[in-house]
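Beneath this line is the structure, given in structure tokens, with notes to follow.
In full-length UniProt numbering, the protein residues as written are 1 to 556.
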């Protein structure tokens with residue numbers, strides 16, 4: 001072997017490299033052009049249309065599915081602002097893979113049998129994303145040079161800023177000094193936008209100089225004082241205003257872009273070559289325009305159900321007006337109201353009505369006030385003292401009005417004592433301690449625990465049970481129901497609390513609404529059972545398609 005000559009190892013390495021090059025060349029050949037053309041759909045199955053039920057931000061290109069497409073083929077949807085842009089290659093491309101997610105059946109906005117929708121591919125075209133509006137001006141090296149030339153920044157500071165602008169180190173890997181520099185850079189990024197506002201005459205020169213001072217000050221926030229601290233806070237407000245303004249401008253620009261007419265053509269590709277959909281040997285170009293749809297057709301099921309259930313409720317309201325004794329399932333806890341108050345009257349002891357922790361805006365509290373109205377009226381009729389405990393001042397004020405009205409309607413306005421409807425406490429366990437203390441001292445004969453309760457529920461109900469009182473509880477707090485069921489004589493569970501006002505008053509509108517809602521719930525339960533059965537059949541029987549059930553009851 002001579003110095004500098006080839007050895008057997010060199011020849012082996014050259015052979016391997018040549019083989020790899022040949023194989024790579026074979027791999028780069030890709031799919032044959034004939035196979036790409038075979039993957040193209042018929043031009044008659046391709047259509048471009050506005051995406052249904054949206055805000056005018058998208059177009060849909062749909063084409064028929066072609067069977068037996070060779071591996072490595074995908075579709076390319078080319079989008080341009082004019083037909084001539086295709087010749088100058090001024091278009092954007094949306095790639096569509098041949099997967100289940102690209103089929104029309106994968107989009108919930110399309111109704112119909114899934115087998116029919118599986119015969120089409122769809123590509124979503126978002127003009128504002130393909131041709132995005134011009135963004136806000138960005139901070140550049142020229143801006144930094146200008147700040148240096150104006151003696152606002154020193155050369156050393158400019159070097160730090162330029163280095164940070166070029167850095168892509170994640171925040172968690174920065175040192176404390178580098179983090180401070182990055183915060184400083186974020187403030188400086190407002191400079192181009194501030195100057196833009198100044199050029200537009202929307203920011204006076206004095207405010208511009210104040211903003212520049214606050215931006216270029218590298219002092220940390222916690223080290224500022226006096227006027228500098230006020231300037232930094234003002235800069236934060238200015239930044240929020242600029243961000244809101246930029247967002248509004250972007251939205252307006254995006255809407256303008258979406259309103260345009262766009263031109264689309266479809267091609268099959270292997271990543272290197274393309275074969276286009278042809279008609280009369282010419283590439284077919286489709287045009288379309290997105291529009292705002294005020295009516296969302298894919299939510300039509302919700303409208304139908306709402307109208308149907310509203311009709312049922314209105315019908316039962318009319319029935320209740322003609323027949324006030326319309327049947328409603330017996331609720332033992334509400335039937336016991338008269339019994340409990342009668343027992344308190346016989347024993348010569350008071351009735352306690354304990355509100356929960358909820359505010360006046362909560363459903364459980366509103367329902368509790370309705371129950372209080374009935375309880376207070378019965379107590380007034382029997383001339384029995386009623387004590388109402390509250391944790392919320394607004395609930396207390398409403399309860400005072402309700403109890404006073406009940407005494408007035410009973411013909412005993414003088415028997416009403418405002419001190420019987422009092423604010424016991426304003427915090428959870430202080431409230432529980434105050435109420436349980438009064439229970440032990442006064443030993444009421446009937447206790448109503450109605451409203452929204454939390455951890456204090458067991459304290460209240462156990463103390464009430466120890467006094468020997470009849471207890472009626474009601475709450476929509478499912479975690480507290482076991483405690484009430486265990487310690488109280490009667491418990492209103494969940495929706496029974498909401499039904500209380502209709503049950504007690506027998507007012508036709510409330511009664512009809514309650515009955516109509518029950519019919520609607522029964523329908524939904526039947527629909528779920530039937531749907532489960534049909535979907536189970538669809539799994540077992542290949543030809544049976546039950547996807548329409550999912551669309552029917554889908555709430556979007």
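Even glycine gets a Cβ: it sits at the ideal position worked out from N, Cα and C.
Assigned secondary structure, residue i (DSSP; H/G/I helix, E/B strand, else coil)
i: residue 456; result: coil
i: residue 521; result: helix
i: residue 370; result: helix
i: residue 289; result: strand
i: residue 55; result: strand
i: residue 327; result: coil
i: residue 570; result: The requested residue 570 does not occur in the structure, where the chain is confined to residues 1 to 556.
i: residue 28; result: With a pLDDT of 47 at residue 28, under the threshold of 50, the modelled position of that residue is not reliable, and the figure given next carries that caveat. Three-state DSSP puts residue 28 in a helix.
i: residue 265; result: strand
i: residue 392; result: coil
i: residue 505; result: helix
i: residue 558; result: Because the chain in this structure spans residues 1 to 556, residue 558 falls outside the shown range and cannot be described.
i: residue 74; result: strand
i: residue 252; result: helix
i: residue 387; result: strand
i: residue 469; result: coil
i: residue 274; result: strand
i: residue 81; result: coil
i: residue 200; result: coil
i: residue 69; result: coil
i: residue 478; result: coil
i: residue 244; result: helix
i: residue 178; result: helix
i: residue 353; result: strand
i: residue 279; result: strand
i: residue 489; result: coil
i: residue 218; result: coil
i: residue 50; result: strand
Neighbourhood of residue i by C-beta, 7 angstroms cutoff - its chain only, sequence neighbours within 5 removed
i: residue 432; result: 456, 459, 460
i: residue 162; result: 141, 144
i: residue 238; result: 211
i: residue 370; result: 500, 501
i: residue 224; result: 232
i: residue 348; result: none
i: residue 486; result: none
i: residue 367; result: 497, 498, 500, 501
i: residue 152; result: 212, 216
Nearest neighbour of residue i, chosen from the options [CA to CA]
i: residue 138; options: 172, 187, 388, 98; result: 187
i: residue 229; options: 215, 532, 242; result: 215
i: residue 221; options: 179, 396, 245, 256; result: 179
i: residue 396; options: 421, 48, 409, 374; result: 421
i: residue 468; options: 484, 191, 453, 446; result: 446
i: residue 587; options: 89, 78, 413; result: The structure shown does not extend to residue 587, since the chain is modelled only from 1 to 556, so the question has no answer here.
i: residue 67; options: 55, 93, 92, 38; result: 38
i: residue 267; options: 56, 288, 61, 200; result: 61
i: residue 442; options: 385, 452, 406, 410; result: 385
i: residue 322; options: 415, 269, 512; result: 512
i: residue 150; options: 213, 91, 164; result: 213
i: residue 377; options: 202, 525, 404, 281; result: 404
i: residue 318; options: 514, 523, 155; result: 514
i: residue 334; options: 56, 503, 529; result: 503
i: residue 190; options: 175, 208, 176; result: 208
i: residue 300; options: 482, 269, 346, 53; result: 53
Contact set for residue i: own chain, Cβ-Cβ below 6 angstroms, skip 5 residues either direction
i: residue 389; result: 354, 424, 435
i: residue 284; result: 43, 277
i: residue 387; result: 350, 352, 420
Residues near residue i in its chain [Cβ-Cβ closer than 8 angstroms; skip 5 each side]
i: residue 536; result: none
i: residue 488; result: 449, 461, 464, 465, 471, 472, 473
i: residue 93; result: 76, 77, 78, 79
i: residue 324; result: 506, 508, 511
i: residue 398; result: 360, 369
i: residue 13; result: none
Cβ contact (3+ pairs, closer than 8 angstroms) linking the region 472-491 and the region 378-387: no
Beta strand (DSSP E) runs wholly inside the region 92-171, at least 3 long, in chain order: 92-96, 120-125
Curious, which full-length alpha helix (DSSP H) runs of at least 4 residues does the region 396-450 contain? 428-442
Would you check if there are 3 or more beta carbon pairs closer than 8 angstroms linking the region 484-501 to the region 294-305? The region 484-501 is not in contact with the region 294-305.
Tell me, please, whether the region 79-87 touches the region 249-265 by the rule of three or more beta-carbon pairs shorter than 8 angstroms. Counting Cβ pairs under 8 angstroms, three or more are found: they touch.
Is the region 333-346 touching the region 302-322, taking contact as three or more C-beta pairs under 8 angstroms? no
Contact the region 115-129 vs the region 88-104: 3+ CB pairs below 8 angstroms: In short, these stretches touch, since the Cβ pair count reaches three.
Runs of 4 residues minimum, wholly inside the region 299-348: which ones carry the alpha helix (DSSP H) assignment? 300-322, 332-347
So, does the region 315-331 touch the region 506-522, judging by three or more C-beta pairs under 8 angstroms? yes
Can you confirm whether the region 268-276 touches the region 44-62 when touching is taken to mean that 3 or more C-beta pairs between the two stretches lie within less than 8 angstroms? no
Are the region 120-135 and the region 163-178 in contact at 8 angstroms, needing three or more beta carbon pairs? no
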